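K.L.:
Numbering (the working numbering), first residue to last: 3 to 113.
1) Kindly provide the ranges of any alpha helix (DSSP H) runs that are 4 or more residues long and lie completely inside the segment 13-78, ordered along the chain.
2) Check residue 94 in the structure and name its three-state DSSP category.
3) Classify residue 53 as buried or exposed, calling it buried when 16 or more other Cβ atoms lie within 10 Å of its own Cβ.
4) Report the partner residues of residue 84 according to the DSSP bridge assignment.
5) Would you identify the three-state DSSP class for residue 6, choosing helix, strand or coil?
6) For residue 67, which residues from the same chain have a beta carbon less than 7 Å from its beta carbon, with the 5 sequence-adjacent residues on both sides left out?
7) Rounding to the nearest angstrom, what Cα-Cα distance links residue 79 and residue 96 in this structure?
8) Report, in whole angstroms, the separation of the C-beta atoms of residue 86 and residue 25, which I expect to be a contact under 8 Å.
9) With a threshold of 7 Å on Cβ separation, who are the neighbours of residue 17 within its own chain once the five nearest residues in sequence on each side are excluded?
Structure (structure tokens):
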């Protein structure tokens, strides 16, 4: 089921405190053993990677593991966090929606 969310970030990449807005994406790296997929979550305040995950598959588990690392590494943000992504299948999956609700994170999407 494809679930696109509104663009709550609205290209506002300047934030004034940590854990206000995060962005996430997936990239792929060619290795001698085949493709390696890397998902990262960045905090827009520090511009640092706060969560990451690697796998030989580009499934939803890849992005959920990066989200979990970001959530726990930032000590469970207490205020609302916007997490912006593209509309890829991993970010519109049912399991991703459940993970966002579990961690009380507001999804934001653009093309």
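Just so it is clear, CB atoms sit at the ideal spot from N, CA and C, and this is done for glycine as well. Note that the structure is a prediction, hence the values are computed from the model and not measured.
P.N.:
The short version:
1) Every unbroken stretch of the alpha helix (DSSP H) spanning 4 or more residues and falling wholly within the segment 13-78 is given here in chain order: 62-75.
2) For the purposes of this step, residue 94 is identified with residue 92 of the chain shown, where counting begins at 1. The answer is helix: DSSP assigns residue 94 an H, G or I state.
3) As a position in the chain shown, residue 53 is number 51, starting the count at 1. So residue 53 counts as buried.
4) The sequence position of residue 84 within the chain shown is 82, counting from 1. Under DSSP, residue 84 forms a beta bridge with 23, 108.
5) Locating residue 6 in the chain shown gives position 4, counting from the first residue. Residue state, collapsed to three classes: coil.
6) Here residue 67 is taken as the residue at index 65 of the chain shown, counted from 1. The residues are 55.
7) As a first step, residue 79 is located in the chain shown; it is residue number 77 there, counting from the start. As a first step, residue 96 is located in the chain shown; it is residue number 94 there, counting from the start. Taking the straight line from one Cα to the other gives about 23 Å.
8) The residue given as residue 86 occupies position 84 in the chain shown. The residue given as residue 25 occupies position 23 in the chain shown. Residue 86 to residue 25, Cβ: 5 Å. Contact.
9) Reading the chain shown from its first residue, position 15 is the one you call residue 17. The answer, listed in chain order, is 23, 46, 47.
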